[in-house]
Amino acid sequence: MNFSWYTRLLLALGSGLTLALSFPNYHLPLLAWISIALLILASYRARPAVAPLYGLLHGLVFYPVCLPWMDVVMQQYGNVAPLTSAGILGLVGLAGGIICAVFSWGVALASRRGAAFACALAPLLWVTLEFARARLPIIGFPWNLIGYAASGNLALVQLTAVTGIYGLSFLVAGYSSLIAYAILVGRQRVWKTAIVATAALIFIAFGGGYLVPAAAPRYVAHLVQTNFPQSYTYPPDWMPQHAADLDQLERISVESA
Numbered sequence: 005m006n007f008s009w010y011t012r013l014l015l016a017l018g019s020g021l022t023l024a025l026s027f028p029n030y031h032l033p034l035l036a037w038i039s040i041a042l043l044i045l046a047s048y049r050a051r052p053a054v055a056p057l058y059g060l061l062h063g064l065v066f067y068p069v070c071l072p073w074m075d076v077v078m079q080q081y082g083n084v085a086p087l088t089s090a091g092i093l094g095l096v097g098l099a100g101g102i103i104c105a106v107f108s109w110g111v112a113l114a115s116r117r118g119a120a121f122a123c124a125l126a127p128l129l130w131v132t133l134e135f136a137r138a139r140l141p142i143i144g145f146p147w148n149l150i151g152y153a154a155s156g157n158l159a160l161v162q163l164t165a166v167t168g169i170y171g172l173s174f175l176v177a178g179y180s181s182l183i184a185y186a187i188l189v190g191r192q193r194v195w196k197t198a199i200v201a202t203a204a205l206i207f208i209a210f211g212g213g214y215l216v217p218a219a220a221p222r223y224v225a226h227l228v229q230t231n232f233p234q235s236y237t238y239p240p241d242w243m244p245q246h247a248a249d250l251d252q253l254e255r256i257s258v259e260s261a
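Remember, the working numbering sits 4 above the position in the sequence shown when you count from 1.
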């Protein structure tokens, strides 16, 4: 199966958008399970010189859509100009897109050996790049790894006790790769496997939570967040200036308890 260039562009953009919508504030976690499939389809049998573009587009859509709070924080608490904060957020998307470009390039190269090899490699490569992204010096960014989209399910999240979040990322990426493989080969046997895998995941997601021991809560925690202006330096009379604010903070802290 070979897609046109504009179809590949739409698949790459759709991949970034569906993954972004699976996180807050959108709360559509089921979209994460197909997002990598879209990027695999966009990258499959693409020319190695062009394939990184699809991963780059994925990142340029994914990060700004799912992390708009970064722009707000920079403006509100860092006194950063709107255009500058938007540019910084764009650079975050560019940095993340470069990592996703490696994924698309790897899938494109692997697809020369067939759909089975490319789709088997895809979840391994995705999780490896997530692990690297979280640990890069200076620009390491372990935010919104794909496994977090599935972490809201009590049964599925038990996997992280053994593997960390990367095991859950591998599960989501692996399922997405299976869907991509079924689309690429179109064989009835592969589609049956995908249907069985889907049914198994649904059964575990809905029924597995009943097997998890429930802990009875003994304490209740309340979070009271301050909203004082941020500054690199503070005047000596900062405490007297904000005495009323501190009194209010104390009052609402006591009242919340």
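Note that CB positions come from ideal geometry on N, CA and C, so glycine has one too.
>> For A112 and F7, I'd like the C-alpha separation in whole angstroms.
In response: Going by the C-alpha atoms only, they are around 13 Å apart.
> Any idea what DSSP makes of L23, helix, strand or coil?
Replying inline: DSSP places L23 in helix when its eight states are reduced to three.
> With a Cβ-Cβ cutoff of 8 Å, do L156 and V176 count as a contact?
Replying inline: Looking at the sequence provided, one finds Gly at residue 156 rather than Leu. No, Cβ-Cβ distance for G156 and V176 is not below 8 Å.
>> Would you call the stretch 93-102 in contact with the stretch 70-82, where contact means no fewer than 3 C-beta pairs closer than 8 Å?
In response: The stretch 93-102 vs the stretch 70-82: in contact.
> Hey, out of T167, F145, E259, S173, whose CA is closest to Y67's CA?
Replying inline: For Y67, the closest C-alpha among the options T167, F145, E259, S173 is that of F145.
> Which value, in whole angstroms, describes the spacing of the CA atoms of Y48 and A122?
Replying inline: For Y48 and A122, the distance between alpha carbons rounds to 8 Å.
>> By the three-class DSSP mapping on this structure, what secondary structure does S155 have?
In response: Secondary structure at S155: coil, using DSSP grouped into helix, strand and coil.
> How many Å lie between A209 and A53 at the Cα?
Replying inline: For A209 and A53, the distance between alpha carbons rounds to 40 Å.
> Do you know offhand how far G110's Cα is from Y185's?
Replying inline: If you take the alpha carbons of G110 and Y185, they lie about 16 Å apart.
>> Need the endpoints of the alpha helix (DSSP H) that I206 sits in, please.
In response: For I206, the enclosing alpha helix (DSSP H) covers residues 192-211.
>> For P127, count the other beta carbons within 10 Å of its own beta carbon; 16 or more makes it buried, fewer makes it exposed. Which is it?
In response: With 16 or more other Cβ atoms within 10 Å, it is buried.
> Do F107 and L133 have their CB atoms nearer than 8 Å?
Replying inline: Between F107 and L133, the C-beta spacing is below 8 Å.
> For V111, which of helix, strand or coil comes out of DSSP?
Replying inline: DSSP, read as helix, strand or coil, puts V111 in helix.
>> Please identify the residue among R117, R51, G59 whose C-alpha is closest to the C-alpha of L42.
In response: Taking only the C-alpha atoms, the option nearest L42 is G59.
> So is T22 buried or exposed if we call it buried at 16+ other beta carbons inside 10 Å?
Replying inline: With 16 or more Cβ atoms within 10 Å of its Cβ, T22 is classed as buried.
> With a cut-off of 8 Å, do at least 3 Cβ pairs link the stretch 23-42 to the stretch 158-172?
Replying inline: As far as the Cβ criterion goes, the stretch 23-42 does not touch the stretch 158-172, which means the pair count is below three.
> Is it right to say L215 is buried, meaning 16 or more other beta carbons lie within 10 angstroms of its own, or is it exposed?
Replying inline: Per the 10 Å Cβ criterion, exposed.
> If you follow the alpha helix (DSSP H) that H62 is part of, which residue opens it and which one closes it?
Replying inline: Residue range 55-70 is occupied by the alpha helix (DSSP H) that includes H62.
> Closest by CA to L34, which one among I102, S19, A85?
Replying inline: Minimum Cα distance to L34 is reached at S19.
>> Taking the beta carbon of I102 as the centre, do at least 16 other beta carbons fall within 10 Å, making it buried, or is it exposed?
In response: In this structure I102 is exposed. Its beta-carbon is surrounded by fewer than 16 other beta-carbon atoms within 10 angstroms.
> Cα-Cα, which of S260, T11, I143 is closest to L227?
Replying inline: The candidate whose alpha carbon is nearest that of L227 is S260.
> How is the alpha helix (DSSP H) around S260 delimited, first residue to last?
Replying inline: First-last of the alpha helix (DSSP H) with S260: 247-260.
> What is the C-beta distance between A201 and Y179, in whole angstroms, given that I count them as a contact (C-beta under 8 Å)?
Replying inline: The C-beta distance from A201 to Y179 rounds to 6 Å, short enough to meet the 8 Å contact threshold.
> Roughly how far, in whole angstroms, is the beta-carbon of A153 from the beta-carbon of A36, given that I think they are within contact range, below 8 Å?
Replying inline: 4 Å between Cβ atoms; contact.
>> In this structure, how does DSSP classify A332 when only helix, strand and coil are distinguished?
In response: Here the chain covers residues 5 to 261 and nothing more, so residue 332 does not appear.
>> Measuring alpha carbon to alpha carbon, tell me which residue in M78, V65, T11 is nearest P233.
In response: Among M78, V65, T11, the Cα nearest to that of P233 is on M78.
> So L160 is in the alpha helix (DSSP H); what residue range does that whole segment cover?
Replying inline: DSSP places L160 outside any alpha helix (DSSP H), giving it a letter other than H or E.
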